[in-house]
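First up is the structure itself, then whatever we jot down about it.
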Amino acid sequence: MEEKIIKQVSVFVENKPGRLAAVTEKLYEKGINIRAFTIAEAGDFGIIRMVVDKTDEAYRILKDSGFTVTLTDVLGVEVEDEPGGLYKIAKALGSENINIEYVYAFTFGGDKALIILRVDDIEKAIEVLERENALFKGGAF
Amino acid sequence: MYWSPSIEKMPQKDLKNIQERKLRALVHVAYEYSPFYRRKFKEMGINPWDIKGLEDLPKLPFTKKQDLRDNYPFGMFAVPISQIVRFHASSGTTGKPTVVGYTENDIRVWVECMCRSLTACGVTSGDIMQISYGYGLFTGGLGFHYAAEKIGATVLPTSAGNTQRQIELMRDLRTAVIACTPSYMLYIAEYASKMGVDIQNDTKLRMGIFGAEPWSEETRKRIEDKTGITAYDVYGTSELSGPLFTECTERQGLHIWADHFLIEVIDPETGEQVGEGEKGELVVTTLSKEALPLIRWRTGDITIMEEEKCACGRTHPRILRILGRSDDMIIVRGVNVFPSQIEHVLMQIPEVGEHYMIILDRTKDGLDVMTIQVELSENASIDKVSDILNLERKIAEQLKSVLNVSANVEVVNPGTLQRFEGKAKRVIDRRKI
């Protein structure tokens, strides 16, 4: 179960100059690499969500620097970098009544896309995605 | 433990006799020697001989902060300057500065009051006491200093500021008691944990005496939870001398030493005394002060008086912790709002910290807008935008139900709001009237 789940680092930041730099500087200082990254912004503030190579270290350094950091369970889905990749996954989850709370994606290795998903029912989603043979299983990506 | 047991436990009728005798003397002295009171008595047609007992108190005029300002610097003094051994002065942040003076006996009485108070809340001659109130023109530092020395405690006069050094000294010299503002204590606790110093385990700090700004029971709880110390409240104003009164170990209000100070609680609007147990503005008449005697001094502080004998055995009346300031009150869309009410709401919400700012704006249409900025707690669990929006909405709803006026809430990053080492200035009023 565990390695099927990706721990995402979420950080609350005010929408002010220098805040993103402050977060990423801390990660840089610790030699932490960001694999996937997005900001959900809502006017005065935003929430940085990222997947990094050294999650526990990233959590600790950001917490110690006074940020409000949360680790969230998300799923990774690996699809071919071609039309219909996300559609296939969204349809499979939707038909099982699983709600996708947010999603972001990036490409890697030239022909692959990795989609990060937060869903309302993670165990059921794992089942569905494994059936679709799409679940990205931990490890270094 | 008592400092002056025979006085502190004196029967209330004996205390009342002392108060009446001293009150009669006070009005004569004020009339004879204070140009301000002589003029005021004449204007109001008061003959000093008319004041016979405590029931005549309402006949006397109030004294207000503005009177001190208008008579700056020496117009209210009742002794020649040659008899004054010390001045203190207020910073004048809310108006012209005010100056207070003390004769040798005034200092002696002040120290006596503080010795009783420190003993009542459990400070002993064996304690190391770190005084982190400002020293200098502000009365906090020196007010604690001389009393702590007098009871035989070992004083560490750090004054306010240089927080890292405060914490190092606290740890290395084994401070047992700290005296500072409650907001500075929270700042010290926060700073200590950043330095890797755990106040509970790495220091000998046992208790703190906090005041000089209004604070709440919730703040007390936060300080105690964070640091493992016992927090006591202290009250005093520079006009009355400085820090004077603390809670005893019962923590059921602050004992007002009635042989030196006569208190009333009034309705700030009408000036009438309120009934026992009712909230109102604290009014104090000084019974022993020589240099700057004050008759019915309007403190501006809102409290409740309790006259019943305390479980600690002391017979002197108590006031509850200061609930707000009649002049801290802000008016938002016609509704009276005390910052202490906002603090009270915020302290009950675990997702936010204890530091906050109140910002007042006025729209082009003339509508007041109140924005409360509060820091997200480092331990809050936040992943979705709605987590923040829901939190802001929850705080706004609770504020609305307490204040009867709506407020915007802005959650900000931990550690980004201004910290205050002296009196906190949490209201930014940007309204152009």
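In order, the protein sequence lines correspond to chains A and B.
Take 2 as the starting number for the first sequence in my numbering and just add one per residue.
Take 838 as the starting number for the second sequence in my numbering and just add one per residue.
Idealized CB from N, CA, C, for every residue including glycine.
*Would you call the CB atoms of Val-1169/B and Val-1264/B closer than 8 Å?*
Against a cut-off of 8 Å, the Cβ pair of Val-1264/B and Val-1169/B comes out as no contact.
*Three or more beta-carbon pairs under 8 Å between the region 1084–1091 of chain B and the region 1057–1071 of chain B, yes or no?*
Flag = yes, the region 1084–1091 of chain B and the region 1057–1071 of chain B touch.
_From the DSSP secondary-structure annotation, give me the bridge partner or partners of Met-1142/B._
Looking at the DSSP assignment, Met-1142/B forms a beta bridge with Ile-1156/B.
*In chain order, which continuous runs of the alpha helix (DSSP H) of length 4 or greater are located wholly inside the region 9–87 of chain A?*
For the region 9–87 of chain A, the continuous alpha helix (DSSP H) assignments of 4+ residues that do not extend past its boundaries occur at 20–30 and 56–65, in sequence order.
*Would you mind working out which of Met-881/B, Ile-968/B, Ile-1156/B and Gly-977/B sits nearest Glu-1118/B, comparing C-alpha positions?*
Selection Met-881/B, Ile-968/B, Ile-1156/B and Gly-977/B evaluated against Glu-1118/B yields Ile-1156/B as nearest (Cα-Cα).
_I need the boundaries of the alpha helix (DSSP H) containing Cys-950/B, first residue and last residue._
Unbroken alpha helix (DSSP H) run through Cys-950/B: 941–957.
*For Thr-1000/B, which option in Glu-986/B, Ser-1020/B, Gly-989/B and Ala-984/B has the closest C-alpha, if you only look at C-alpha atoms?*
If we check each option's Cα against that of Thr-1000/B, Ser-1020/B comes out closest.
*Nearest to Pro-1080/B by CA position, among Glu-1188/B, Glu-949/B, Asp-1202/B and Asp-1039/B, is which residue?*
Ranked by Cα distance from Pro-1080/B, the options Glu-1188/B, Glu-949/B, Asp-1202/B and Asp-1039/B are led by Glu-949/B.
*Along the alpha helix (DSSP H) that carries Lys-1058/B, what are the first and last residues, could you check?*
For Lys-1058/B, the uninterrupted alpha helix (DSSP H) segment begins and ends at 1054–1064.
*Would you call the region 61–78 of chain A and the region 7–17 of chain A touching, i.e. three or more CB-CB distances under 8 Å?*
As far as the Cβ criterion goes, the region 61–78 of chain A touches the region 7–17 of chain A, which means the pair count is three or higher.
*asked:* Per the DSSP calculation, Val-936/B is bridged to which residue(s)?
replied: Paired residues: Ala-926/B.
*asked:* With a threshold of 8 Å, are at least 3 pairs of Cβ atoms found where one atom belongs to the region 953–968 of chain B and the other to the region 989–997 of chain B?
replied: Judged by Cβ distances under 8 Å, the region 953–968 of chain B makes contact with the region 989–997 of chain B, as three or more pairs qualify.
*At what residues does the beta strand (DSSP E) containing Gly-1090/B begin and finish?*
No beta strand (DSSP E) contains Gly-1090/B, which DSSP labels as neither H nor E.
_Segment contact, 8 Å Cβ cut-off, at least three pairs: the region 1116–1135 of chain B with the region 858–872 of chain B_ = The count of Cβ pairs closer than 8 Å, one atom from the region 1116–1135 of chain B and one from the region 858–872 of chain B, reaches three, so the stretches are in contact.
*Anyone know if the C-beta pair for Thr-1/A and Tyr-105/A falls short of 8 Å?*
For chain A, the structure presents residues 2 to 142; residue 1/A sits outside this window and is missing.
*asked:* Against chain A, does Leu-1213/B count as a neighbour if the rule is that its beta carbon must be under 8 Å from one of theirs?
replied: Judged by the 8 Å Cβ criterion, Leu-1213/B is in contact with chain A.
*List the DSSP bridge partners of Glu-1118/B.*
When beta bridges are read from the DSSP output, Glu-1118/B appears opposite Ile-1103/B and Ile-1139/B.
*Would you mind reading off the limits of the alpha helix (DSSP H) that contains Arg-1008/B?*
Where Arg-1008/B is concerned, the enclosing alpha helix (DSSP H) stretches over 1000–1009.
_Could you give the first and the last residue of the continuous alpha helix (DSSP H) run that contains Leu-1023/B?_
Here the alpha helix (DSSP H) through Leu-1023/B covers 1019–1032.
*By a C-beta neighbour count over all protein chains shown, 10 Å radius and 16 as the cutoff for buried, is Ile-918/B buried or exposed?*
Answer is exposed; the Cβ neighbour count stays below 16.
_For a contact defined as C-beta to C-beta under 7 Å, what are the partners of Ala-41/A on chain B?_
The contacting residues are Val-1222.
*Could you tell me which of Gly-110/A, Leu-94/A and Thr-108/A sits nearest to Ile-127/A, measuring between CA atoms?*
With distances taken between Cα atoms, Ile-127/A lies closest to Leu-94/A.
*alpha helix (DSSP H) containing Tyr-1072/B: first to last residue?*
Run containing Tyr-1072/B: none in the alpha helix (DSSP H); it sits in the beta strand (DSSP E), 1067–1074.
*asked:* Cβ closer than 7 Å: which chain A residues qualify as neighbours of Ser-1218/B?
replied: Result: Thr-71.
*asked:* the ligand MN and Ile-1195/B: does the residue's C-beta get closer than 7 Å to at least one heavy atom of that ligand?
replied: Because no ligand of any kind appears in the structure shown, any question about the ligand MN cannot be addressed here.
*Contact under 8 Å by Cβ, Cys-1017/B with Ser-969/B*: For Cys-1017/B and Ser-969/B, yes; Cβs fall inside 8 Å.
*Quick one: what's Val-1189/B bridged to in DSSP?*
DSSP, once it has assigned bridges, lists Leu-1213/B as partnering Val-1189/B.
*Leaving out the 5 sequence neighbours to the left and right, which residues in its chain are closer than 6 Å to Gln-849/B when beta-carbon positions are compared?*
Only Thr-1152 meet the Cβ criterion.
*Taking a Cβ distance cut-off of 8 Å, strictly less, list which residues of the region 1238–1253 of chain B are near chain A, in chain order.*
Here the close residues are Glu-1247, Val-1248, Val-1249, Asn-1250, Pro-1251, Gly-1252 and Thr-1253.
*Contact set between Lys-64/A and chain B, taken where Cβ atoms lie within less than 8 Å*: Near Lys-64/A (Cβ distances below 8 Å), the residues of chain B are Glu-1215.
*Range of the contiguous alpha helix (DSSP H) that encloses Thr-976/B*: Per DSSP, Thr-976/B belongs to the alpha helix (DSSP H) from 976–987.
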